[in-house]
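Structure first, then comments.
Residue numbers (our numbering): 60 to 269.
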């Protein structure tokens, strides 16, 4: 009979513990979602006149390493260590966002609406096709973003390879938060888009004998 009060106190402690744990779980910060921006959202983008309207450009596929292609945004904390943020995520997927923005950028810079992301329908037959293999697209908060990518331009559904290029692009990420990191990623992608557009114009001049 003397032990009953002790057991009763234990039983009362159990729900209190659950309430405390639930309270701790409720202090988690809300998840923030981010998207890449096209050049129009970054700044006014002048272009050197539109390419010929008979030119069609297919963008993709884009191959992204598995450690990057995830809902969470990945940052680098050291040469051999990365960090995956559960509270800072892509609004959709990095793969889809990268492909969408690159397609938009090329359309704006080249001055043509005939740019389509992979996969495109049967009615679209690209004059040039761009395939990209990303090695890295991450960085450090408040420091930098780096984009390493190899891209190939082929003609008429990849039957003739015209160009293979490797680009290493680094942009400063001055703001020490994830939004600043994503803004820097958008700038890096804009730089890549301009490089690709420049090569497309050069190939087109060569093809036309200009």
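Note that beta-carbon positions come from the ideal geometry of N, C-alpha and C, so glycine has one too.
Margin query: So, for residue 98: in the same chain, excluding its five sequence neighbours on each side, which residues have a beta-carbon less than 8 angstroms away from its beta-carbon?
Written below: Around residue 98: 104, 163, 164, 167, 168, 249, 252.
Check: Exposed or buried, which one is residue 92 when buried takes at least 16 other CB atoms within 10 Å?
Finding: So residue 92 counts as exposed.
Next item on the list: Compute the beta-carbon to beta-carbon distance between residue 212 and residue 141, rounded to the nearest angstrom, for a pair I have assumed lies under 8 angstroms.
Entry: Their Cβ separation, rounded to whole angstroms, is 31 angstroms, which puts residue 212 and residue 141 out of contact at 8 angstroms.
Note to self: Measuring only the C-alpha atoms, how far is residue 139 from residue 153?
What the structure shows: Those two C-alpha atoms are separated by around 22 angstroms.
Check: Ends of the alpha helix (DSSP H) at residue 255?
Finding: Where residue 255 is concerned, the enclosing alpha helix (DSSP H) stretches over 237-266.
Note to self: Closest to residue 118 by C-alpha separation, out of 243, 242, 230, 184, would be which residue?
What the structure shows: Comparing alpha carbon positions, the residue from 243, 242, 230, 184 closest to residue 118 is 184.
Check: Once you ignore the five residues that flank residue 264 on each side, which residues in its own chain have a CB closer than 6 angstroms to its CB?
Finding: No residues qualify anywhere along the chain.
Next item on the list: Give the straight-line distance between the Cα atoms of residue 192 and residue 122, rounded to the nearest whole angstrom.
Entry: Using only the alpha carbons, I get a separation of about 5 angstroms.
Margin query: I'd like the span of the alpha helix (DSSP H) that includes residue 172, first residue to last.
Written below: From DSSP, residue 172 is part of no alpha helix (DSSP H); its letter is neither H nor E.
Margin query: On the DSSP bridge list, what partners appear for residue 154?
Written below: Paired residue(s): none; residue 154 is not in a bridge.
Check: What are the boundary residues of the beta strand (DSSP E) that includes residue 180?
Finding: Segment: none, residue 180 is in no beta strand (DSSP E) and carries neither H nor E.
Check: Where does residue 137 land, buried or exposed, given buried means 16+ other C-beta within 10 angstroms?
Finding: Exposed.
Notebook entry, point to check: Would DSSP call residue 14 helix, strand or coil?
Noted result: As displayed, the chain neither begins before 60 nor continues past 269, which places residue 14 out of reach and without an answer.
Margin query: For residue 82 and residue 146, I'd like the C-alpha separation in whole angstroms.
Written below: Bear in mind that the predicted position of residue 82 carries a pLDDT of just 46, short of 50, making it too unreliable to give a figure here.
Check: Between the segment 198-210 and the segment 175-183, do at least 3 Cβ pairs fall closer than 8 angstroms?
Finding: The segment 198-210 is not in contact with the segment 175-183.
Next item on the list: Please find out if some non-hydrogen atom of the ligand ATP comes closer than 6 angstroms to the beta-carbon of residue 212.
Entry: In the structure on display, the ligand ATP does not appear, and there are no ligands present to speak of.
Check: What is the DSSP secondary structure of residue 98, reduced to helix, strand or coil?
Finding: DSSP places residue 98 in the helix class (H, G or I) of the three-state scheme.
Margin query: If I measure Cβ to Cβ from residue 236 and keep anything under 6 angstroms in the same chain, skipping five residues before and after, which residues do I get?
Written below: Beyond the five residues adjoining it in sequence on each side, residue 236 comes within less than 6 angstroms, by CB distance, of no other residue in the same chain.
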